[in-house]
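Asker: Before I ask anything, here is the structure I am working with.
Now the structure itself:
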């Protein structure tokens, strides 16, 4: 065995600190993280942020253009479009998380089968995924 030793020159970062250190060096990634964080906050607090309910109708206010009362205007039933977009973000995030969950489960299951059995089953699964 050699008598050489390795000296540590600095402290390594672990966990969230390492992630944020890498994000600070990539400003576009940080902007993306902020956008996703704001979208999640909007979806979680939609009941408090939206000025109107998602199904509130006012037929007298149908097809109104954007104004101080209705930031994005109203649709044919007088529903506030801004409120509907905020509530829609909640549904979009739920669909996205469910889709990712299904993909992770199915991919993990098929990957485990392909890795365990190998050979023809591995080739079949990989070609089916391609």
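In this note's numbering, the protein residues as written are 14 to 143.
Where a beta carbon is used, it is the ideal one built from N, C-alpha and C, also for glycine.
So residue 72 is in the alpha helix (DSSP H); what residue range does that whole segment cover?
Answerer: Numbered from 1 along the chain shown, position 59 holds the residue referred to as residue 72. Element bounds for residue 72: n/a, residue is neither H nor E.
Asker: Alpha carbon to alpha carbon, what distance is there between residue 121 and residue 98?
Answerer: Translated into positions along the chain shown, residue 98 becomes position 85. Translated into positions along the chain shown, residue 121 becomes position 108. The alpha-carbon atoms of residue 98 and residue 121 are separated by roughly 34 Å.
Asker: Answer with buried or exposed for residue 100, where buried requires no fewer than 16 other C-beta atoms within 10 angstroms of its C-beta.
Answerer: Here residue 100 is taken as the residue at index 87 of the chain shown, counted from 1. With at least 16 other beta carbons inside 10 angstroms of its own, residue 100 counts as buried.
Asker: According to DSSP, is residue 60 part of a helix, a strand, or is it coil?
Answerer: Indexing the chain shown from 1 puts residue 60 at position 47. Helix.
Asker: Pairing CB atoms from the region 124-139 with CB atoms from the region 78-96, are three or more of them under 8 Å?
Answerer: no
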